[in-house]
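This report refers to the structure that appears directly beneath it.
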Amino acid sequence: MPSVSNKGLTMPQSPIRKLVPFAEGAKKKGIKVIHLNIGQPDIKTPQQALDAVKNNNINVLEYSRTEGSEEFRSKIAQYYIKNDIPVNANEIIVTTGGSEALSFAMNTIADTDDEIIIPEPFYANYNGFATACGVTVVPVVSKLEDNFALPPIEEFEKLITSRTKAILICNPGNPTGYLYSKEEIQKLATLVKKHNIFLVADEVYREFTYDNKTHTSILKEKGLEEHAIVIDSVSKRY
């Protein structure tokens, strides 16, 4: 049998999917299972979207433009502008979900054995994306007693090396639910500019805020235009 690549051998199994067979087995036994392992929303898909798919008059499904159609990217830009986030269509790339966007981002900003710092605990599949890209994840620990707030900037400073290419955050956090404050985002912005690295923000849960708190996108930080990469997805809201 031909040998499998080192990437294939070291690729971590998704712990999210790993639990599925156990859940399905429990269901077959009549046990009620509450799923906390996968981000499947329980809200209805907008009827307009379903109707558009059902009633379309497309005769030929053509290849789309690599970056996504101009019309679609313009609509996405309008969404951000409505949320006071200054973005234009030329700054947007449409991907097949947030996971592909994360993989594209890692492959674009980092070479083999480069490092990305991520506050821990973090979305488990970041490890898989990094392995596929040959990137090393360097965790910086956020603490339960601090409600998983952003670790002190000094802790990030200790981990930055010549191989550090980016800091990756999830805001609001998965799995912690922590919402980074404007002040915390500003501290990160200052740090990445100081070291000339990227700040990648996974903002797919941007609309899941509570207790009258508001989400602060890294795209609102002035002077961060050459450092900021935002990952977003329609899957959590629609």
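In my numbering, the protein residues as written are 9 to 246.
By construction, the Cβ of each residue, glycine as well, lies at the ideal position given by its N, Cα and C atoms.
Burial state of residue i, where buried means 16 or more other Cβ atoms lie within 10 Å
i           : result
residue 225 : buried
residue 137 : buried
residue 205 : buried
residue 23  : exposed
residue 77  : exposed
residue 251 : Only positions 9 to 246 of the chain appear in this structure, which leaves residue 251 out of reach.
residue 73  : exposed
residue 208 : buried
Check whether residue i and residue j have beta carbons under 8 Å apart
i           : j           : result
residue 175 : residue 239 : no
residue 107 : residue 127 : no
residue 84  : residue 173 : no
residue 246 : residue 57  : yes
residue 145 : residue 133 : no
residue 193 : residue 229 : yes
residue 195 : residue 161 : yes
residue 178 : residue 218 : no
Where residue i falls: helix, strand or coil (DSSP)
i           : result
residue 116 : helix
residue 139 : helix
residue 239 : strand
residue 29  : helix
residue 173 : strand
Inter-stretch contact at 8 Å, needing at least 3 Cβ pairs: the segment 156–169 / the segment 188–203:
yes
**Request:** Ignoring anything shorter than 3 residues or poking outside the segment 177–237, list the beta strand (DSSP E) runs there in chain order.
**Result:** 206–210
Inset, instruction - Check whether the segment 107–118 touches the segment 137–157, taking contact to mean three or more Cβ pairs, one atom from each stretch, closer than 8 Å. - result: yes
Within the chosen definition, does the segment 209–219 reach the segment 180–194 through at least 3 CB pairs nearer than 8 Å?
yes
Every unbroken alpha helix (DSSP H) inside the segment 9–83 [4 residues or more]:
14–18, 23–26, 28–36, 55–62
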